[in-house]
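Student: Handing you this structure, nothing more for now.
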Amino acid sequence: MAENTGELQAINTAWQIAIQEILRMVIRDMYREDGAAAFMGHVKRIEEAAVDSIYTDLRLRGTDEWTEVLVKEKASNFVTTLLTSFTFDRT
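Structure, rendered in structure tokens:
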């Protein structure tokens with residue numbers, strides 16, 4: 088079981104890194120022209136909208152309330168972690 092747990096953790100980490108890099112490139116390319124303050128404002132708006140969507144629109148079928156709350160909390164934390172890791176880079 089430990090081997091499966093390690094593989095699952097590696098898959099989760101790889102998935103997070105891949106998504107983070109895709110988002111970083113998309114957001115950087117979309118918002119770099121307006122300067123650092125505008126860039127950070129866009130990132131904050133995206134973060135707030137994503138977290139709001141997770142809590143108001145996400146419905147998990149076949150799960151109990153505890154699981155749904157836990158998934159929503161984890162997803163929101165991932166959004167915040169990913170988006171707050173972005174920095175303005177003009178290059």
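Using the numbering used here, you'd call the opening residue of the sequence shown number 88 and step up by one each time. The beta carbon of each residue, even a glycine, is placed where N, CA and C say it ideally should be.
#1: What's the call for residue 118, buried or exposed, on a 16-neighbour Cβ count within 10 Å?
#2: Identify the continuous alpha helix (DSSP H) that holds residue 155 and give its terminal residues.
#3: Got a sec, what are the start and stop residues for the alpha helix (DSSP H) residue 126 sits in?
#4: Go ahead and pull the three-state DSSP assignment for residue 88.
#5: Look at the Cβ atom of residue 173, then the Cβ atom of residue 130, and state whether they are nearer than 7 Å.
#6: Which residues in the same chain have their Cβ closer than 8 Å to the Cβ of residue 125, if we skip the five residues on either side of it in sequence?
Tutor: With the given structure in hand:
#1: Taking all protein chains in view, the Cβ of residue 118 is crowded by 16 or more other Cβ atoms within 10 Å, so the residue is classified as buried.
#2: For residue 155, the enclosing alpha helix (DSSP H) stretches over residues 152 to 171.
#3: Residue 126 -> alpha helix (DSSP H) spans 123 to 144.
#4: Because residue 88 carries a pLDDT of 48, less than 50, the predicted location of this residue cannot be relied on, and the following value inherits that uncertainty. Residue state, collapsed to three classes: coil.
#5: Against a cut-off of 7 Å, the Cβ pair of residue 130 and residue 173 comes out as a contact.
#6: The beta carbon of residue 125 sits closer than 8 Å to those of 118, all from its chain and outside the five residues before and after it, given in chain order.
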